[in-house]
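In what follows, a structure is listed as structure tokens, so that the remarks can point back to it.
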Amino acid sequence: METVCRWDISVRARTTLTRDTSEQIKDWCSESLFQSNVTCNQQLTVLATAVLSACCHLLAARAWSANNFLMTGPKAYVTFSGSVQAGARRGIEECKYQFAWDRWNCPEREIQLPNHNRLRSATRETAFVNAINAAGVMYTLSKNCSMGDFSHCGCDDSNVGKIGGRGWIWGGCSDNADFGEKISKQFVDALEIGHDSRAAVNLHNNEAGRQAVRGTMKRSCKCHGVSGSCSIQTCWLQLSDFRDVGNYLKIKHDQAQKLEMDKRRLRAGNSADGRGAVADAVGSIARTELIYLEDSPDYCARNLSLGLHGTEGRECVHSGDGLSQWERRSCRRLCHECGLRVEERRTETVSSCNCKFHWCCTVKCDTCTQAVTKHHCARRGKGRRGKGDARRRHHG
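Under my numbering, think of the first position of the sequence shown as 28, with each following residue one higher.
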């Protein structure tokens, strides 16, 4: 008999539900533990979908240990699911930003973690996806905890009053990274149900993402003393902007190490020996480093069997204020080095401008038209036109 966990819940701005709703869900899921098959109505997207769909199974396995700090059971999953969803979204958006001008540009349809078990490749890019999503979930949970969004959870005051260094002591409200890390492990690592080398690599990269959150935390201090003399300071640890976490992990992606394992032990046919070879190989790499098993495919070329759409049609940039060198070289990287040419496309955009407030109470605007020039990668010899046409080959 199949029992459905009736979670028809839309988690929006708030991350907690009413006590009555939570207790109803707790009762529904508790009843379902006695059934042989459990499925959950998937209403949330991104990571929260996969987490909620696995909830009842995880409860049956007693994945969480009870203590006076972490809640157990479905109430905990419902309470934290909004933050988990927001954290996974934060990770995806950061991935798209970091790879916007790369040949692989973090396509959202391929990396959403409800489809986690379909992501069986173990390339550099998969390593980054796992790390940034684990980091996003931990970051959001830690921040929400410190802001008081969860009951029984607040600032990390474990070091308050202790001497931190010369002229300063621990105080203030440190972001609760311990809490975010614990809950992130329970939600994110639970999605990895395999026991092979890929599963081990994914779990390692999840941990590297969480280490990135810790590694980018910054110490903030406040001065105390007569007339602002700052004779002593109280300091606390704060989460950095998540962009700093993304930048950190992008460097780790570029420096990622390919995992080399003892192939003789893997070929021996002894599953325990094979798992030992995997554990030894993964254990030899620092927890802060990203690792991968497979070389990346050719992202220039279209390969639908791998879900790759190539770089044809991708936009690139030549010039502009505030562009990094990586961005300025995007046309070379996406087009020329992939055997494509750069095509210039001119379009007109219409927008409101010169808006003025008139008493009382309207705002009147003019309509302005602006010519915009963009550059895209196109096949050589395709769609060439005369010099005066809107599309022409760019020789820059």
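A virtual CB, placed ideally from N, CA and C, is assigned to each residue, including glycine.
- Put simply, the stretch 327-334 does not touch the stretch 310-319. Fewer than three CB pairs are less than 8 Å apart.
- With a threshold of 16 other beta carbon atoms within 10 Å, Ser-323 falls short and is exposed.
- DSSP, reduced to helix, strand and coil, places Cys-343 within a strand of the structure shown.
- In the displayed model, Gln-282 falls within coil according to three-state DSSP, outside both helix and strand.
- Asp-205: member of the alpha helix (DSSP H) spanning 204-215, first to last residue.
- Where Gly-192 is concerned, the enclosing beta strand (DSSP E) starts and stops at 190-192.
- Between Val-240 and Gly-199, the C-beta gap is not smaller than 9 Å, which leaves the two residues out of contact.
- For Asn-157, the enclosing alpha helix (DSSP H) covers residues 151-173.
- Here Ala-149 has Arg-225, Val-228, Tyr-319, Leu-320 and Glu-321 as same chain residues with Cβ atoms under 7 Å from its own Cβ, once five neighbours each way along the sequence are excluded.
- Assignment of Val-187 by DSSP, reduced to helix, strand and coil, places it in the coil class.
- Around the CB of Phe-177, 16 or more other CB atoms lie within 10 Å, so the residue is classed as buried.
- The three-state reading of DSSP puts His-363 in helix, counting H, G and I together.
- Checking the DSSP bridge columns, you'll see Ala-398 partnered with Glu-375.
- Here the stretch 153-163 makes no contact with the stretch 384-404; the two share fewer than three CB pairs at distances below 8 Å.
- Under the DSSP assignment, Arg-246 falls in the beta strand (DSSP E) whose first and last residues are 245-251.
- Note that the C-beta distance between Cys-248 and Gln-260 is below 9 Å.
- Taking a C-beta distance under 9 Å as the contact criterion, Glu-121 and Phe-269 qualify as a contact pair.
- DSSP places Ile-312 in the coil class of the three-state scheme, outside both helix and strand.
- Scanning its chain for C-beta atoms nearer than 6 Å, with the 5 sequence neighbours on each side dropped, one finds around Glu-375 the residues Thr-396 and Ala-398, in chain order.
- Taking a cut-off of 8 Å on C-beta distances, the stretch 337-349 does not touch the stretch 301-312, as fewer than three cross pairs fall below it.
- Its chain contains Leu-230 and Asn-233 as the residues whose beta carbon lies nearer than 7 Å to that of Asp-216, once the 5 sequence neighbours on both sides are disregarded; these appear in chain order.
- Here Thr-394 is exposed, its C-beta having fewer than 16 other C-beta atoms within 10 Å.
- Judged by DSSP secondary structure, Trp-263 falls within the beta strand (DSSP E) whose first and last residues are 259-265.
- With respect to the C-alpha of Ala-405, the residue from Asp-307, Arg-373, Lys-285 and Arg-341 having the closest C-alpha is Arg-341.
- For Leu-333, the closest C-alpha among the options Ile-278, Trp-131 and Gln-282 is that of Trp-131.
- Separation of the CB atoms of Arg-407 and Arg-368 is rounded to 5 Å, and the pair is thereby assigned contact status at 8 Å.
- If you check the CB distance, Val-164 and Val-111 come in under 9 Å.
- Distances from the CA of Trp-353 to each of Gly-114, Arg-116 and Gln-125 were compared; the closest alpha carbon is that of Gln-125.
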